[in-house]
Structure formats: C-alpha cells, structure tokens
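Numbering (the UniProt record's numbering), first residue to last: 1 to 507. No residue lacks a Cβ here, since even glycine has one placed at the ideal position from N, Cα and C. In what follows, a structure is listed as structure tokens, so that the remarks can point back to it.
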C-alpha cells in the first residue's frame, strides 16, 4: 500500500491550526507567567497550558492522518522505460542484458517493485558485484505517463581477492585461506585457490575454476584439482586423496529451489593404518586404489532457514557409479529428507530421515566394500547418545561401518522460557527435544527379503534427550544435549549424559 497526502489542502489546514496554536500561546502563556503571584499556581497553570498544546498537536496529527488516502499498488499503472546499470567496469554488457528482460514486463507499480528487487537479487548472484542498490524514479524524457527509470548502482568485486577465515565442519573447526580472481573474463568466471587446516589435523587444498553457461548464473560448470588428508580416528585409518572433479549444476525444471548436479571424479586414494595397533579388519583395506565415478544429485530446498527452519522441506538424493576405470567398482545410493512444521506457542516440529546403501560392481557378492566407501552412524548430530561412529560393529575399538544404513529423527524446538517474546532470538537459540533411531549393517548377511527387513529393524538403536541448539551465523549449528540411549547393542559405544556437537548436516 502507498500512502499519498493531498498536499495543498493539508498544508493549508496545517497553517491554520499552527496559527491557532501560536495565537493561544501568545494570549495565555505570558499572562500565566507574569500575572501569577504564587509560583506553585504558576507551575500548575503552566502545566495545564502545556497539556493543551499537546492536545492541539495531537489534534493536528489526527486531522492529517484522516486526510490520507490508501492506494493499492497493484492498481497503479507503471511501466519501465529504461534500465540503467552504473558502476560497470569489467562486466560484459551481453551478460547483463540477458538478466534484465523481466523488468520491462511490468504493467503495475507493484509488479515494477517486485521485478526490480528480483533483478537486484539476480545481479548479486552473477558473481560480478559486491553490492547492488536500486533506485526507481520518474522517466525524464518519457512520452507516456506512468513511465519510470530503474537505476542499479553497483560495486564490482576487486580483480584480486583473498583472506583468512574460519569454518565449521562436522564436529571440527578449520582455519581457511583463499585467493581468487572473481569475474575473471567479465561474465562471472572465477579462478581460485583454497586451503584449510582443521583442529583434528585434517587438510584440504584445491585449485578451481567456475563459469556460468549460456549466460545463466544458475547453470554452473566447475572444474577443480584437489588433495585431501583425513584422519578417521574412530575407525583407526588415515586417507590421502589426490584427484580431479568436474561438475555441472542446472536448475531442476519447473520445481522451485531445485538443482540437478552431474559430477565426474577421478581420485587416487591411499588408505593408511592410523597406528601399529590397528585391527587386521582395517589393515586389509589399506593401500592404494583408483576411483573413476559418475555421480548424479538432485536437491530441493524449500526451507525458510538453513539451520533452524520454522517451515518448509529439504530433499536430496544421489547415486554414484564407480568403475569407469580404476579398481574401485561399486554403486552407491543415498538420500536425505527433512520436513518442518510450525506449531502453536511458537514451537516447531521437525522430522528427518537419512538412508543409503552401497553394492559391489563386477565383483560378485563375496567381495566386501572397502572401509573408506562404507557408511557410519553415531555422533552428536547423528544418532545422539552414541559416540562418533559409535553405532555398529567394531574391531579392537575401531568402527567398521556397514554398506547399508537408515537413521531418523523427530525434533521439537521451543523458545527459551525467558526469551519467549524475543522474536529476533528464536532463529538463533531454542530448546531442543529429540528422539533418534537408526541402524547400520552389511548386506552380505542378507539372503532374502525377509532377512533384509529383519536386519533393518531387529538391531535398531533408539535414544532421546533434550538440550539447547544455537545457530552459528547461518553456517552451522551448535548443540548441547543431555542424551539417554534406550536401545543399544553390545558392541556400540554409548554416551549417557551431556553431549556436545557442532556442524551443518544433522539428523
């Protein structure tokens, strides 16, 4: 709604009322101050006069408000005559022209405002601009009425950028350094180098190049060379990977907030025993291997917040085919789902489900999946009440994982009692009540459909608890929970009591 005042009439009424106020002041104010012989009486009379002045001002404001008109923006005709983009130095004109067509389709002022803001968001996604400001003004040389000029004031990225920052992973923190050349050729390309070192000694470095295709920032092609070193303490092995990754991301048709991702990855992987006491069940998978795989991932994210969502859903499914070269040959499938629903009393109920399976390819059913391709369960953001990778079989204290798993979580989030009326804090901290269940096992022991469902449900782990969840700048969540494991197995590593976790993905 747009509030418009009839200026001439209101200004006239304003002047008349102000004249009355000044007249009343001149007649009564001096009289009160100078004719009163008693100071107390003068103070009382002055207070009465002051209240009268306040009443006159309120009366003036009320008359001004009553003379305002409300206009519906969707009924006001408006057209975009010209789009100006200021501050352009390195960005190519054809890349910008491809983005601005929707603004010219506006035929009402409401549509013009919405389309102008949507274009501003798209300009920020181009990978060219640090900041974009939009200004809408009447067209200076318009031949038709209701014509407007839309001007975007932009600030491009510097040709060279870099920095040092911190990042949060799954129960670990990292120090990251980066160097990049944004908007390299003027159409949103980016070349860069990243390196990170975590508090657990894990390292990751990569050299990458990304570029939009078909002048569309939502269709991204990327290529990277990488090296990662990961110390899997809970399974008593270390992994050193060198590889190349090529991926292409495109929107998922007419589904909003949905993305297709196609990836080819070639990796030289080295698995090392973490210590001389490492189990033989781990050592048999040590050594070098080559993996060449194709992976497809579909993601749909309609949540209103990535960490503590109040409504919306998230779904992601992927399938990977390894065996297009190298000695790692398998098919791997995984899926994750999340649903959030608001409840009365500013509470939220959330349901999460995650599952996956991996099958050997071209090797028969007698060949097991290697330790670094298996699934693991347990941890403060996973099946709570169990140690990290604490669910499932172990060998001399090392988690062996499995080639099939499922896990689910039911969560209730409520405001803190003493912060119930602080709306702005509810996206940052909440009380957390949860119920987790899941299982991990090997498909080698499955001989029939009946035995599969038996394996799926017979050894289910179950835990519950409560705690506090904290949003860390929309990049991770921190949980401090008191956990109570209900259903466990002999070989599980159980944690009863307080459990602390930090990360981005959770069940």
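By the Cβ rule, the stretch 314-324 counts as touching the stretch 335-342, because three or more pairs are nearer than 8 Å. Residue 112 counts as buried, since no fewer than 16 other beta carbons sit within 10 angstroms of its beta carbon. Here residue 149 is not near residue 258, since their CB atoms are 7 Å or more apart. Residue 385 places its beta carbon 7 Å or farther from that of residue 432. Contact annotation, residue 151 with residue 84: C-beta distance approximately 4 Å; criterion of less than 8 Å satisfied.
The beta carbons of residue 485 and residue 463 sit about 5 Å from each other, so the pair counts as a contact at 8 Å.
The stretch 348-421 contains, as complete beta strand (DSSP E) runs of 3+ residues, the segments 404-414 (chain order).
Look at residue 346 here: in three-state DSSP terms it is helix. Contact annotation: the stretch 158-165 does not touch the stretch 100-120, with fewer than three C-beta pairs closer than 8 Å. Looking only at 126, 374 and 412, the smallest Cα-Cα distance to residue 93 is reached by 126.
Across the set 123, 128 and 476, the C-alpha of 128 shows the shortest separation from the C-alpha of residue 189.
Annotated three-state conformation of residue 110 is helix, per DSSP.
The beta carbon of residue 213 lies closer than 6 Å to those of 219 and 221 in the same chain, with the five residues before and after it left out. Our two residues, residue 193 and residue 180, have alpha carbons roughly 6 Å apart in a direct line. Short of 7 Å from the beta carbon of residue 393, and not among the five residues preceding or following it, lie these beta carbons of its own chain, in chain order: 400 and 491. Under the three-pair Cβ rule at 8 Å, the stretch 166-186 counts as touching the stretch 198-213.
Per DSSP, reduced to three states, the secondary structure at residue 197 is strand. Comparing C-alpha distances from residue 416 to each of 405, 410, 407 and 429 shows the shortest one belongs to 429. In this structure the stretch 353-364 does not touch the stretch 228-241; the number of beta carbon pairs closer than 8 Å is below three. Distances from the CA of residue 223 to each of 137, 197 and 263 were compared; the closest alpha carbon is that of 263. Sorting 169, 255 and 493 by C-alpha distance to the C-alpha of residue 378 places 493 at the top.
If the five residues before and after residue 327 are omitted, its C-beta is found closer than 7 Å to the C-beta atoms of 289 and 290, all from its own chain and listed in chain order. A straight line joining the alpha-carbon of residue 118 with that of residue 135 spans about 13 Å.
Residue 96 and residue 130 have their C-alpha atoms spaced approximately 15 Å apart. When the beta-carbon positions are compared, residue 503 and residue 170 come within less than 7 Å of each other. Taking all protein chains in view, the Cβ of residue 158 is surrounded by fewer than 16 other Cβ atoms within 10 Å, so the residue is classified as exposed. Checking the DSSP bridge columns, you'll see residue 461 partnered with 438.
Across the structure, residue 390 and residue 342 are spaced so that their CA atoms are roughly 33 Å apart.
If you draw a 10 Å sphere on the C-beta of residue 153, you find fewer than 16 other C-beta atoms in it, and that means exposed.
Distance from the CA atom of residue 305 to the CA atom of residue 507, rounded to whole angstroms, is 16 Å. A distance below 7 Å between beta-carbons, with the five flanking residues on each side excluded, links residue 369 to the following residues of its chain, in chain order: 330, 358, 360 and 403.
Around the Cβ of residue 383, a 10 Å sphere holds 16 or more other Cβ atoms; the residue is buried.
Residue burial annotation: residue 461 is buried, with at least 16 other C-beta atoms found within 10 angstroms of its C-beta. Per the coordinates, the alpha-carbon of residue 425 lies some 29 Å from the alpha-carbon of residue 122. Going by beta carbons, residue 185 and residue 209 fall outside the 7 Å limit.
Beta-bridge partners assigned by DSSP to residue 490: none are found.
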